[in-house]
Each structure stands twice: as C-alpha cells, then as structure tokens.
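Protein chains in written order, with the UniProt record's numbering: chain A, 1 to 324; chain B, 1 to 324; chain C, 1 to 324.
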Amino acid sequence: LQVSAEPPVFLEVENEVSLVAGSKLSQLRCSRDGREWNTQLPSSVVTAAGSSDVLAVACQDRMLSLFSSCGRRLLPAIQLATPTSALHCSAHFVMALTARATLSVWDVQKQKALVKNESLLSILSGADATVSQSLLTQQGVPVIGLSNGKSYCFSSSLETWTLVADKGDSMVQCADFRSCLPTHDAPVSSGPLAVMQGRNLNAGRLASRLSSTPHHLQQSMTLAFLENQLTSALTLQSAAEYRHWLLIYARFLVSEGSENRLRELCKELLGPVHKSAATAWEPSTLGLRKRELLREVLPVMVENLRFQRLFTEYQDQLELLRTK
Amino acid sequence: LQVSAEPPVFLEVENEVSLVAGSKLSQLRCSRDGREWNTQLPSSVVTAAGSSDVLAVACQDRMLSLFSSCGRRLLPAIQLATPTSALHCSAHFVMALTARATLSVWDVQKQKALVKNESLLSILSGADATVSQSLLTQQGVPVIGLSNGKSYCFSSSLETWTLVADKGDSMVQCADFRSCLPTHDAPVSSGPLAVMQGRNLNAGRLASRLSSTPHHLQQSMTLAFLENQLTSALTLQSAAEYRHWLLIYARFLVSEGSENRLRELCKELLGPVHKSAATAWEPSTLGLRKRELLREVLPVMVENLRFQRLFTEYQDQLELLRTK
Amino acid sequence: LQVSAEPPVFLEVENEVSLVAGSKLSQLRCSRDGREWNTQLPSSVVTAAGSSDVLAVACQDRMLSLFSSCGRRLLPAIQLATPTSALHCSAHFVMALTARATLSVWDVQKQKALVKNESLLSILSGADATVSQSLLTQQGVPVIGLSNGKSYCFSSSLETWTLVADKGDSMVQCADFRSCLPTHDAPVSSGPLAVMQGRNLNAGRLASRLSSTPHHLQQSMTLAFLENQLTSALTLQSAAEYRHWLLIYARFLVSEGSENRLRELCKELLGPVHKSAATAWEPSTLGLRKRELLREVLPVMVENLRFQRLFTEYQDQLELLRTK
Numbered sequence: 001l002q003v004s005a006e007p008p009v010f011l012e013v014e015n016e017v018s019l020v021a022g023s024k025l026s027q028l029r030c031s032r033d034g035r036e037w038n039t040q041l042p043s044s045v046v047t048a049a050g051s052s053d054v055l056a057v058a059c060q061d062r063m064l065s066l067f068s069s070c071g072r073r074l075l076p077a078i079q080l081a082t083p084t085s086a087l088h089c090s091a092h093f094v095m096a097l098t099a100r101a102t103l104s105v106w107d108v109q110k111q112k113a114l115v116k117n118e119s120l121l122s123i124l125s126g127a128d129a130t131v132s133q134s135l136l137t138q139q140g141v142p143v144i145g146l147s148n149g150k151s152y153c154f155s156s157s158l159e160t161w162t163l164v165a166d167k168g169d170s171m172v173q174c175a176d177f178r179s180c181l182p183t184h185d186a187p188v189s190s191g192p193l194a195v196m197q198g199r200n201l202n203a204g205r206l207a208s209r210l211s212s213t214p215h216h217l218q219q220s221m222t223l224a225f226l227e228n229q230l231t232s233a234l235t236l237q238s239a240a241e242y243r244h245w246l247l248i249y250a251r252f253l254v255s256e257g258s259e260n261r262l263r264e265l266c267k268e269l270l271g272p273v274h275k276s277a278a279t280a281w282e283p284s285t286l287g288l289r290k291r292e293l294l295r296e297v298l299p300v301m302v303e304n305l306r307f308q309r310l311f312t313e314y315q316d317q318l319e320l321l322r323t324k
Numbered sequence: 001l002q003v004s005a006e007p008p009v010f011l012e013v014e015n016e017v018s019l020v021a022g023s024k025l026s027q028l029r030c031s032r033d034g035r036e037w038n039t040q041l042p043s044s045v046v047t048a049a050g051s052s053d054v055l056a057v058a059c060q061d062r063m064l065s066l067f068s069s070c071g072r073r074l075l076p077a078i079q080l081a082t083p084t085s086a087l088h089c090s091a092h093f094v095m096a097l098t099a100r101a102t103l104s105v106w107d108v109q110k111q112k113a114l115v116k117n118e119s120l121l122s123i124l125s126g127a128d129a130t131v132s133q134s135l136l137t138q139q140g141v142p143v144i145g146l147s148n149g150k151s152y153c154f155s156s157s158l159e160t161w162t163l164v165a166d167k168g169d170s171m172v173q174c175a176d177f178r179s180c181l182p183t184h185d186a187p188v189s190s191g192p193l194a195v196m197q198g199r200n201l202n203a204g205r206l207a208s209r210l211s212s213t214p215h216h217l218q219q220s221m222t223l224a225f226l227e228n229q230l231t232s233a234l235t236l237q238s239a240a241e242y243r244h245w246l247l248i249y250a251r252f253l254v255s256e257g258s259e260n261r262l263r264e265l266c267k268e269l270l271g272p273v274h275k276s277a278a279t280a281w282e283p284s285t286l287g288l289r290k291r292e293l294l295r296e297v298l299p300v301m302v303e304n305l306r307f308q309r310l311f312t313e314y315q316d317q318l319e320l321l322r323t324k
Numbered sequence: 001l002q003v004s005a006e007p008p009v010f011l012e013v014e015n016e017v018s019l020v021a022g023s024k025l026s027q028l029r030c031s032r033d034g035r036e037w038n039t040q041l042p043s044s045v046v047t048a049a050g051s052s053d054v055l056a057v058a059c060q061d062r063m064l065s066l067f068s069s070c071g072r073r074l075l076p077a078i079q080l081a082t083p084t085s086a087l088h089c090s091a092h093f094v095m096a097l098t099a100r101a102t103l104s105v106w107d108v109q110k111q112k113a114l115v116k117n118e119s120l121l122s123i124l125s126g127a128d129a130t131v132s133q134s135l136l137t138q139q140g141v142p143v144i145g146l147s148n149g150k151s152y153c154f155s156s157s158l159e160t161w162t163l164v165a166d167k168g169d170s171m172v173q174c175a176d177f178r179s180c181l182p183t184h185d186a187p188v189s190s191g192p193l194a195v196m197q198g199r200n201l202n203a204g205r206l207a208s209r210l211s212s213t214p215h216h217l218q219q220s221m222t223l224a225f226l227e228n229q230l231t232s233a234l235t236l237q238s239a240a241e242y243r244h245w246l247l248i249y250a251r252f253l254v255s256e257g258s259e260n261r262l263r264e265l266c267k268e269l270l271g272p273v274h275k276s277a278a279t280a281w282e283p284s285t286l287g288l289r290k291r292e293l294l295r296e297v298l299p300v301m302v303e304n305l306r307f308q309r310l311f312t313e314y315q316d317q318l319e320l321l322r323t324k
C-alpha cells in the first residue's frame, strides 16, 4: 500500500492479486477531490507520484505508466532500461530517476522528452558527494542538490548539467550588493533558485570578512555572483527570479559605473531597431518582453550622472519603436 | 550478388573489383522500372535495402550510403560506430540495425535523424527473448517484435521505447468490446498496430474465461486495453487505426456510462473555445482535425440518455466555433 | 599564463591566488581592442579559447565558463563529465574536446547544444589513425581530420559522423571534370571543404592514370565524386562551396547527357509549382534560394541540344512562378 499526495491525491496499490485464473495483476485505486478511479497493471508497482495533471506509476517490469487525473492512460507504457528509484511529478511534467543514476523528464502534454536518460555521474564523479535533494520545477526543469552544497540543473536546450547554486563558494560569500536591493519589491524567496541556495544568501553576510577585501576585487566578485544568478535563473526558467536579479544587477552596474557591461545589457534587451534586419534576436525571454525589461532598467540609470547619455540614447530608441 | 526488392528494385553487386590499377572497388548496378544506373563504392557491400524513394547500401568499412531512385547520392557517407546487420527502407525513411543491437532511423527528405543509435537492450534485457520481427512504418516509426509476443516502437518525440502490443497480456484477453465494434466501418487490419498484434486480437475471444470475471473488473480491463490501443496508435503515428479505436473507445465509454473519461476526451478534442487564450493545444493529431473527430464522437453519445446534456453542451460549442 | 588570439584577444591567467582568507581562486585578465576586464573563477584554469563573440575557459573542476566580449557571463557554468583537452571558438559557437575523445558544440547566442558529447571512437576505431586537425566552422559545424587523410564532420541534423573528404580515395583521383570548371568564377579555396581536402584536389591530376580507365567508368566516378562534394558542402553548411560544386555538377551532367539526374536536380530546385500542395519542400538551402540556383543552372543546359526541351520546360515554369 502506497500513498502519494501533492494536491491531495491518494493511491492505493495491491500487488500480485489473482484476478483472473492463472495470472497475477496489480490493482490500483486512486482518489482525488472525492473522485475515484481504478485500473490494473500487469506487474507489481514499485513507486508512484502525482501532480494536478498526471499520475505516474513505475512497475517491477521497468514499465512506466502515466495517467490523467481521471485515470485515462496518457501514453503507451514506457520501457525504461533500468529500474526506477524515484518519481516526481510537477504540473504536466514527469521526472524519473533510475537505479543506475540516470534522469529523464517528459512533458506529458506535448508527449515529448525534455531530458533523456542523463547520467548523474557527470556531477557526482570526483565530488565525493551524494544526492541530498531532487526536484522538478513547474516548468519541467530538473534540479539536483548534492551533499557538498552544490546544486545542478539539467538544461534541455544546452543538453548539459549546469551549476546553479554553490553554498560553499567563497565568491558568493564575498559578493556585496546590499545597496542594490529593491526597496518596494517583494522578496523572491519561493523560486527554485532561492530554494536551492537556501539561507546562505544574505547579501553582505560576511561584512567582517569583506572589510579586508580590496574594493576592486569585491566589485568583480559581486559582478561574477550577480551574473551567475542571472544565468542560473534563466536556465531554471524562473521568470520572477530572473527579473529580480536583473534589476539588482542593473543597479549594481550603475553604482559601480560599469559602462561596457551596461551598454551590452541594454543592447541585448533592445534588440534590432530596424525591422528589415534578419536576426536571431528573440523579443522575449522566459515570457518576459525584453523591451519591457529595458523600460524597467532605464530609470535605474538616472541615479548616476555618467549614464545620462546612455539613458537618453536608449530612451529615444524605445520611444521610436513605440510610435512605429 | 545481392538483390533487394520492394517496388521491383534490383541491385547487383560485385565486390572487390580491380577497376583502377592498385585499388579495389565495389561495383553497383541498380535497375528499376527499366531504368538503370551504376556507381562505385570504395569498400565491399555488406547489405542493402530500397524503397520507392531511396536505396541504402552498407559497406564493410561501416559506411552507409544513400541514393535517390535515379542513383544520385543524397547524403555524404554516414560513418556508423558498429557494422550494420540489417537495413530497412520505407518511403523516404531508412532504418539501420547494427551488430551491437542499436537502431537508427533517418528521414532522407528532411536530412534529419529521427532515432539515433538507440540500444535494443532496454527491451531485450531480462526478457529472455530475441528479435523476431523488425519493421519501419511509412511514417518512419521503427517497430521491433520480440519472441515473447511483445512489440515495441521507439517514439522519436518521447525518445524512449514504448510497448505497443503484448500478445500474452491477460488484460488483452479479458477485454470485451464486442458490442462497440463498428458495423459499417471497414476493419483496420493492415495498420502497423494490427500487424504487430496479429490474430490474437478478436474481441471477446475468451468468452468462457470472461464469464467468470466480475463485470466491474472486466470493464476496467477493457478500458485499459482500449486506452492502450489509442496511445499505441498515436505513438505509431497510425492515423486510421487511431480514429478506428477512438470511436470504439467512445462507444464503450457511452455504453458503460463513464462520464469523467468521456468529458475529458471531449474537452481535449474541442480545445479552447476562445481564441485569446494562449495555449499548448494542437488543433490536429496525426493529420486528423480534433474537432472533426469530436463531430464523429458526438452522435455516439445519444445512445445513452445520461449523456444528453453532455452531448448538447459540446454540440453547441462546435456550432459556435463553426459560425465564428 | 596563457594567451589566446583570434581577433587579438589576450588572456592572462593566475591560478591558485590567495585572494580571500582561506580560499584560493584563479584570476583572469582579458584584453582586446584596448578594452580590459577581469574576473575570478573558483578552480584552476586548464585551457581557454576565444572568438569575436565569446571567450571560453575550462577549469580543473571540469567546469566550462563562457563570457561575452566585455566579460559578462553568458551561461551558468557547464559541468562536463570528463576534463577538457581542447577548446575552439568560432563566431558565437564553442567546441569542447574532452580527454575521453568526446566532442560537444554549443550555440551561445541561442543558448543551445548543437552537438552533445559525441564520441570520436566511431571514426577512430579500426582506422589506426589519430586526430591531426580539428576545426569549428563559422556556422558551428565541427570537422575532424585524421592522419589517414579522411575528414569527418558531425552533422547536428543527421546526428552522425559523415565523411566529407578522403585524400586517399582512388575515386577522387580518377574524377575528371576539368572541362566543367568555371571560367570567370573565383576559385572557392577558403571554404571548409577545400581546407579539409587540401592540395590533393586538382581536377585531372592523374591524367596518365586516367588514360587507362574506360570512359564509362571514369564518368561514373566523376559523378560519384561531384555528388560527394555537393552533399559534403551541404553538411558542412558551406553555401559558397555548395553553389560552386552545384554548377560544376550541372555542367558535367549536361556534357555527359545524364538526363535522369539532371531532371531530378531541376525538380528538386524548382519545388512544387502550385501553392495548394502541402509539401515538405524547403524553398532555400543554406540561405540560397533554390529557384535562384535553378536560374543559374538553366543557362548551362543550352550547351547540349538534347536538353533543349528540358530547358524550355523549366524556364517556362520559373517564368510562370515569377508572374504569379
């Protein structure tokens, strides 16, 4: 008997029931929101997980079955190469971890693999660490936390493991951006990036340590840290966290007078002004319109007189695009 | 000397011919529809296969060459990691099985891999079975039949092996949907699903066995079976079989009064009614318009008075969409 | 201390610097066009490479970091499974070769993998050869040259290694297309195909050898060679070389009177004439409009009276499409 609960979904399993003469089946009974359904599977159930959209059941014959919220089978049974050791469901995404430390993620709605049988050995080997946490975001991004404080997500577009958080990184501890924190914005503490970085991340936590670090070094470590946050939020497909860190980053660039980086950032957000140009530029990122983001970044610039010209330049171009 | 025939394509091979001083080549002569062409390859030909669109030739140096119907080379020579043990061509698709039990499929028209070097071990290991059948559908889907009665297809979107038929499954034998078979529809016996399931599949074949099975159990096994058929036809990209089983499934849901499932099915086929909503819903599946399918499903509902309201509800929405 | 130069980009590295009490970091200083930036990385730098758009740095902890031209981090740190042995950058593409002879390529602009951890063993095994050259084209196509004279590129759409050049191939040496070389076209000697084939490729180089080869054999070897060049240029995404060899190929087909192949070629370039037909035909290849290419091929046909009708047929259809 097993139970899996996320929105309250209850699953009752009876393995090896003799239902029909001569053959044994597993009997599943699932209830949620007062609605019940049941079905049979030809092999013993090993593990199961559910979300609002999908119920995933892994059996001893290495078969993975996926059902809708009312019990309709969504895909034919998936034959895995190795036994499943853990299942996670989130929205319409399903993640399977196998006994041989490989990870797969499917988008059940699009009937499509996002991550295919990727080995955790890439992140475990040489690290002398174990998996301490595994989660699947609402966007279907798998994240693995290790016992050494490092967290990795597998990017389905880069098709590789990327480091999104490292609790032991001394650069994280030296980064100081206290002056750039938003005053009225709500803190973004529930996103996957915040979850993986944990309490370790209070800006300027090591003030004593910082006092002994030369300013230019601390500046470049803070830059490195903030750019890590931005790219990590992007890879985690966490739009709210991306916007949050983008504004802190912009404030920091302005206060430190980093013109090259600020110019590169604005250029990327604005994109090509003339429609004629064939381009690989995407107008939005994680569902956020880049030019809307630029509109939020521009007011930050006026705080440093050095950027008066840069501000006017981009303000004018945005105005031009609006009236086109 | 080898011959491969599908539309009558004849291939004559002479290996190790000394054509030019000092080097040995293979000489290929191909004839079809009275048209002939010939070419040379630098290594001995091991196996070959052809379809209306493409001729595939595998050589001893692990090179795979693909030619058009008039002998034009379509792709540069493909270097395989292991020797080819079997080739299949179907329409503009080519499937290669290698000596190390891996399978690849290419779409020659789009110059694109559909399946890349996938191991059969996932489906063979622990099964104590051998490959008894291998085929490539007209849609480029590879299907492998094992000696234990199970058939798998590799889904290029799910990037995994899925079970599409199991001759020994007791649930298949218990499913009873005789009353839901179409009366005027032509039987769909030539599709890949029917081919892999073979003669085993006559609805209600085990009537004697069935009599001893409680009705609710038989009902849920029939549901499981029919949903397997639907998802299998989908994964095999077999449009005619999908439509065939969808209508049987709808009839069964109606006769058994399964409102939740019927509602979920109709909802999926209808899709969002308001255009404004951004959505991941696809208007067609396997080239069949989902709303056309819904139009075929609705008349089935009137056979059960319980679904009068559901019928009217979806009928109205379809009408609304038509007049928009 | 390391330096990497392509557009003059200079990189200075200091490993294991004690910057902050208790932890060691690597210090990077990069200068280009007089602009300088610096950053810190938590592990020792092993190798680095740069292009106009991107700087790639691989560290001892198997982390790969990618920076923009002004030092902004472009992606989160990528965790590789094995240590990097070589890095190449070209435009916005980065190629990593690892110690276990696997190759990866990323498109930094689209934040996307083009080639993922592909083993070189497929092309090395049984060849008794070593890697003598590795390059990444401006289109992000990886090319590997072996000591046995063969060159392979990994096609990200075919997801396989393909042979693009073979200096020792006797067919290459027998191909004779001297009469078909363009008179006014500039020679295409700087493309990746020309680079990999080297000096070996002068049409009719082995005239003495050729004299003893029967004409029909030489004709079919020349055809095979030219079709190899076409498909190789296509796979290398080398537009200029593709156009160059297409015109030579067309001239050769015309001079040898190969009607079937010429007709198939024209048909492919023209595509479907009626818009209604749903089709998989792409109007352009490597950024070249196929119908523009056909317009260049047609004048070649008039040189052989046999193709007067074919010429008129396609000329008329092009005219028809233009006026539509």
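Every residue gets a Cβ at the ideal spot worked out from N, C-alpha and C, and that includes glycine.
Quick caveat, the model's predicted, so the values are computed rather than measured.
For this session: Indicate whether the contact test is met: 3 or more Cβ pairs, each with one atom in the segment 299-316 of chain B and one in the segment 22-39 of chain C, closer than 8 Å.
Result: The segment 299-316 of chain B is not in contact with the segment 22-39 of chain C.
Exercise. Given that residue 38(B) touches chain C, what residues does it touch there, using C-beta distances under 8 Å?
Worked result: Within 8 Å Cβ-Cβ: 220.
Exercise. Which residues mark the beginning and the end of the alpha helix (DSSP H) in which residue 323(A) is found?
Worked result: First-last of the alpha helix (DSSP H) with residue 323(A): 308-323.
For this session: Mind the definition here: the segment 58-66 of chain A touches the segment 137-148 of chain B only if three or more C-beta pairs lie below 8 Å; say whether that holds.
Result: By the C-beta criterion, the segment 58-66 of chain A is judged not to be in contact with the segment 137-148 of chain B, since fewer than 3 inter-stretch pairs fall below 8 Å.
Problem set entry | Under 7 Å from the C-beta of residue 123(A): neighbouring residues of chain C | The answer, in chain order, is 79.
Exercise. Straight-line CA distance for residue 110(C) to residue 141(B)?
Worked result: Approximately 30 Å, taken between the alpha carbons.
Exercise. Near residue 114(A), what residues of its chain come up, given a Cβ to Cβ distance below 6 Å and the 5 sequence neighbours on each side ignored?
Worked result: Result list for residue 114(A): 105, 107, 140, 156, in chain order.
Exercise. Can you find a CB in chain B that lies within less than 8 Å of the CB of residue 170(A)?
Worked result: No, its Cβ sits nowhere closer than 8 Å to a Cβ of chain B.
For this session: Go through its chain and collect everything with a Cβ distance to residue 219(B)'s Cβ below 8 Å, but skip five positions before and after it.
Result: For residue 219(B), where only same-chain residues beyond five positions count, the Cβ hits under 8 Å are 256.
Exercise. Which partner residues does residue 145(C) have in the DSSP bridge list?
Worked result: Per DSSP, 133(C), 151(C).
Exercise. Count the other CB atoms within 10 Å of the CB of residue 303(B); is the residue buried (16 or more) or exposed (fewer)?
Worked result: Residue environment analysis places residue 303(B) among the exposed positions, since fewer than 16 neighbouring C-beta atoms fall within 10 angstroms of its C-beta.
For this session: Apply the 10 Å Cβ neighbour rule to residue 71(B) and answer buried if 16 or more other Cβ atoms are within range, or exposed otherwise.
Result: Residue 71(B) sits buried, since 16 or more C-beta atoms from the chains shown fall within 10 Å of its C-beta.
For this session: Can you tell me which of the three DSSP states residue 34(B) falls into?
Result: In the structure shown, residue 34(B) sits in coil (DSSP, three-state: anything other than H, G, I, E or B).
For this session: Say whether chain A places a C-beta atom closer than 8 Å to the C-beta of residue 283(C).
Result: Answer no: the Cβ-Cβ gap between residue 283(C) and chain A never drops below 8 Å.
For this session: Run down chain C in chain order and give the residues with a C-beta less than 9 Å from the C-beta of residue 30(B).
Result: Per Cβ cutoff of 9 Å: no residues; residue 30(B) is ~12 Å from chain C at best.
Exercise. Just how far apart, CA to CA, sit residue 192(C) and residue 198(C)?
Worked result: Their backbone Cα atoms lie some 10 Å apart in a straight line.
Exercise. Can you tell me whether residue 254(A) is buried or exposed, with buried defined as 16 or more other CB within 10 angstroms of its CB?
Worked result: Under this definition residue 254(A) is a buried residue.
Problem set entry | chain B contacts made by the segment 103-122 of chain A, where a contact means CB separation under 7 Å | Considering only beta carbons, the part of the segment 103-122 of chain A lying closer than 7 Å to chain B consists of 106, 109, 110, 111, 112, 113, 116, in chain order.
Exercise. So, does the CB of residue 232(B) fall closer than 8 Å to a CB anywhere in chain A?
Worked result: It does: the Cβ of residue 232(B) has a partner Cβ on chain A nearer than 8 Å.
For this session: Please check if any C-beta of chain A sits within less than 8 Å of the C-beta of residue 325(C).
Result: In the structure as shown, chain C begins at 1 and stops at 324. Residue 325(C) is therefore absent and cannot be evaluated.
Exercise. Assuming residue 149(A) contacts residue 168(A) under a Cβ cut-off of 8 Å, what Cβ separation, rounded to an integer in Å, is found between them?
Worked result: Indeed they touch by this definition, with Cβ atoms about 5 Å apart.
For this session: Please report how far the alpha carbon of residue 213(C) lies from the alpha carbon of residue 286(C), in whole angstroms.
Result: Answer to the nearest angstrom: the Cα atoms are 36 Å apart.
Exercise. Can you find at least 3 beta carbon pairs, one from the segment 129-136 of chain C and one from the segment 76-94 of chain C, that sit closer than 8 Å?
Worked result: Judged by Cβ distances under 8 Å, the segment 129-136 of chain C makes contact with the segment 76-94 of chain C, as three or more pairs qualify.
For this session: Check the Cβ of residue 235(A) against every Cβ in chain C and list those closer than 9 Å, keeping chain order.
Result: Here the neighbours are 75, 76, 111.
For this session: Just mark residue 262(B) as buried or exposed, buried being the case when its beta carbon has 16 or more other beta carbons within 10 Å.
Result: A residue is called buried once 16 or more other Cβ atoms fall within 10 Å of its Cβ, and residue 262(B) is buried on that count.
Exercise. Using the beta-carbon count (16 or more within 10 Å), is residue 161(A) buried or exposed?
Worked result: Counting C-beta atoms within 10 angstroms of its own C-beta, residue 161(A) has 16 or more neighbours from the protein chains shown and is therefore classed as buried.
For this session: On a CA-only basis, which of 216(A), 171(A), 233(A), 222(A) is nearest residue 190(A)? Give me that one, please.
Result: Of the listed residues, the one whose Cα sits closest to residue 190(A) is 233(A).
Problem set entry | Within chain C, partners of residue 261(A) - CB distance below 8 Å | Simply 70, 71, 72.
Problem set entry | Positions along the segment 142-156 of chain C whose CB lies within less than 7 Å of some CB in chain B | Answer in chain order: 152.
Exercise. Can you name the residues of chain C whose CB is closer than 9 Å to the CB of residue 97(A)?
Worked result: What residue 97(A) touches in chain C: nothing, since even the nearest Cβ is about 18 Å away.
Problem set entry | In DSSP terms, what residue 10(A) is bridged to | DSSP output for residue 10(A) lists 31(A) as bridge partner(s).
For this session: Compute the distance between the beta-carbons of residue 170(A) and residue 23(C), then report whether it is under 8 Å.
Result: In contact: residue 170(A) and residue 23(C) (Cβ atoms closer than 8 Å).
Problem set entry | Cross-chain neighbours of residue 100(A) in chain B, by beta carbon under 8 Å | Residues of chain B passing the Cβ test: none, with the nearest at roughly 12 Å.
Exercise. Quick one: what does DSSP say residue 290(B) is sitting in, helix, strand or coil?
Worked result: Correct three-state label for residue 290(B): helix.
Problem set entry | CB-CB length for residue 250(C) against residue 300(C), believed under 8 Å | The Cβ separation is near 5 Å, so the contact holds.
For this session: Step through the CB atoms of chain A and report whether any lies within less than 8 Å of the CB of residue 42(C).
Result: Closer than 8 Å to some Cβ of chain A, the Cβ of residue 42(C) qualifies, so yes.
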